[in-house]
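The listed protein sequences correspond, in order, to chains A and B. Heads up: the first sequence begins at 1 in UniProt numbering, then just goes up one per residue. Heads up: the second sequence begins at 1 in UniProt numbering, then just goes up one per residue. First up is the structure itself, then whatever we jot down about it.
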Amino acid sequence: MVADPPGPIDPFWTGVDLRKMPGRVPRRLRAHRRREAAGNEYASGWAGCRGHGRFMGMDDVDPPRRAPFGSSLLVAFGWYVTVAAAVFVGLVGVPANPNRDCSVIFACLTPQEGFALAAIVGAPVLAAMLLTTLAITPLLARRVPSPVLAGTLSVSVTVGLAVLAGGFWQAAR
Amino acid sequence: MRRVGLGVLFFAWLYGVPFLFVVGLVRRVSSPYVPTHAAARAFGSTTETLLTTAVVLNLALPIVGALLARLARDNYWIRHFAWSPAGVVLIYLVVALAGSLATGPLFSWTPPVGLGAG
Numbered sequence: 001m002v003a004d005p006p007g008p009i010d011p012f013w014t015g016v017d018l019r020k021m022p023g024r025v026p027r028r029l030r031a032h033r034r035r036e037a038a039g040n041e042y043a044s045g046w047a048g049c050r051g052h053g054r055f056m057g058m059d060d061v062d063p064p065r066r067a068p069f070g071s072s073l074l075v076a077f078g079w080y081v082t083v084a085a086a087v088f089v090g091l092v093g094v095p096a097n098p099n100r101d102c103s104v105i106f107a108c109l110t111p112q113e114g115f116a117l118a119a120i121v122g123a124p125v126l127a128a129m130l131l132t133t134l135a136i137t138p139l140l141a142r143r144v145p146s147p148v149l150a151g152t153l154s155v156s157v158t159v160g161l162a163v164l165a166g167g168f169w170q171a172a173r
Numbered sequence: 001m002r003r004v005g006l007g008v009l010f011f012a013w014l015y016g017v018p019f020l021f022v023v024g025l026v027r028r029v030s031s032p033y034v035p036t037h038a039a040a041r042a043f044g045s046t047t048e049t050l051l052t053t054a055v056v057l058n059l060a061l062p063i064v065g066a067l068l069a070r071l072a073r074d075n076y077w078i079r080h081f082a083w084s085p086a087g088v089v090l091i092y093l094v095v096a097l098a099g100s101l102a103t104g105p106l107f108s109w110t111p112p113v114g115l116g117a118g
């Protein structure tokens, strides 16, 4: 068999096909192969080049179909922390009358005291909500690919359930 | 490093905008102790700044994040910022709902001068 003339495939007549050497493939040849691998419909233009794949994630490894449970739970608990912190910061910023009547119990609570009281009184509700979130998050994380969406959805569902339960409780009283 | 920066931007939107909105809303529904007109105006303008910042950042952060994620070709965050407009619309709906429930304007509101409730 006659060797190929010098060219992009075998420039130095070494008899070694550069295309078959994985580490030494020229960039343009690699791009050409990618375009070939992408199929005929995508064999023109930018298809096969980095950032121009058929799908957004084509260059990278396939995105995971399910969200990681730990990250989803962190996102969910992040919502609780955010809302609690926001309410606290909001209350701290409201000036109170220094000369108000403090003879009635619970009339003159600082935001810190008010939060502590709310935490004690609302502990069962908060615990129930946290447990519900803990139970719902793995179910959602199995179906939703993003931990952000899974955590946020699980908190939304928990809040919805809490509102429903509160409504039933009000109606039953 | 790019990934961390885009993540910070995304979570600044996800948690930061509701945080600012809730802080502003708590101030808006409170009855603060404002003995003078100047104190009332100062309290009202701070509240308005918080709410306006939340509304502006709600639009700005996802747009900036989507552009930066595209520039960085970070597919993970491109996907997240591509879906963030749904959250943007949701937050605006909540703001509109709060505004419709409020007695008086949600923005540019000044508390009445007085001793406050608590």
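Each residue gets a CB set at the ideal place from its N, CA and C atoms; glycine is no exception. Just so you know, these numbers come straight off a predicted model, no measurement behind them.
query                                                                                                                    : result
Proximity test, Cβ basis, 7 Å: R33 (chain B) and chain A                                                                 : A small correction: the amino acid at residue 33 (chain B) is Tyr; Arg does not occupy that position in the sequence shown. It does: the Cβ of Y33 (chain B) has a partner Cβ on chain A nearer than 7 Å.
Proximity below 7 Å, CB of A67 (chain A) to CB of P147 (chain A)                                                         : yes
Beta carbon proximity, Y92 (chain B) to chain A, threshold 7 Å                                                           : no
For T49 (chain B) and V94 (chain B), the rounded distance between their alpha carbons                                    : 18 Å
Helix, strand or coil at G65 (chain B) according to DSSP, with G and I counted as helix                                  : helix
Euclidean distance between Cα positions of G160 (chain A) and A31 (chain A)                                              : 51 Å
Under 8 Å by beta carbon: chain A residues contacting H80 (chain B)                                                      : S146 and V148
C-beta contact flag for V26 (chain B) and G90 (chain A) at 7 Å                                                           : yes
Short CB-CB distance (under 7 Å) between V94 (chain A) and chain B                                                       : yes
Inter-residue spacing [alpha-carbon to alpha-carbon] between R142 (chain A) and T133 (chain A)                           : 14 Å
Residue environment, A107 (chain A), which counts as buried when at least 16 other CB atoms sit within 10 Å              : exposed
DSSP-derived helix/strand/coil call for G104 (chain B)                                                                   : coil
With 16 other Cβ atoms within 10 Å as the buried cut-off, status of F55 (chain A)                                        : Summary for F55 (chain A): the model assigns pLDDT 49, below 50, so the residue's position carries little reliability, and this model does not support an answer.
Beta-bridge partners of V34 (chain B), as assigned by DSSP                                                               : B:G114
Residue-level contact to chain B via CB, A162 (chain A), 7 Å cutoff                                                      : no
Candidates A:T110, A:P111 and A:F69: closest to L140 (chain A) by CA position                                            : A:F69
Where V89 (chain A) meets chain B, residues with beta-carbon distance less than 7 Å                                      : V23
Counted within 10 angstroms of its Cβ, other Cβ atoms place W83 (chain B) as buried (16 or more) or exposed              : exposed
Best match in A:A165, A:P138 and A:L164 for proximity to L153 (chain A) [C-alpha to C-alpha]                             : A:P138
P111 (chain B) Cβ short of 6 Å to the ligand HEM heavy atom set                                                          : No copy of the ligand HEM occurs in the structure displayed, which carries no ligand at all.
Cβ of A165 (chain A) within 7 Å of any chain B Cβ                                                                        : no
DSSP-derived helix/strand/coil call for I91 (chain B)                                                                    : helix
Beta-carbon spacing of V88 (chain B), V34 (chain B) below 7 Å                                                            : no
Exposed unless 16 or more other CB atoms sit within 10 angstroms - verdict on L51 (chain B)                              : buried
Neighbour list for P18 (chain B) in chain A, Cβ cutoff strictly below 9 Å                                                : W79, T82, V83 and A86
Limits of the alpha helix (DSSP H) - the one that T152 (chain A) falls within                                            : P147 to A172
Closer than 8 Å at the beta carbon, the chain A residues around S30 (chain B)                                            : G90, L91 and V94
Spatial neighbours of L20 (chain B) in its chain, beta-carbon cut-off 6 Å, leaving aside the 5 residues before and after : L50, T53 and A54
Inter-residue Cα distance where the pair is L90 (chain B) and A40 (chain B)                                              : 31 Å
For T110 (chain A), three-class secondary structure by DSSP                                                              : coil
Exposure of W169 (chain A), with buried meaning 16 or more beta-carbon neighbours within 10 Å                            : exposed
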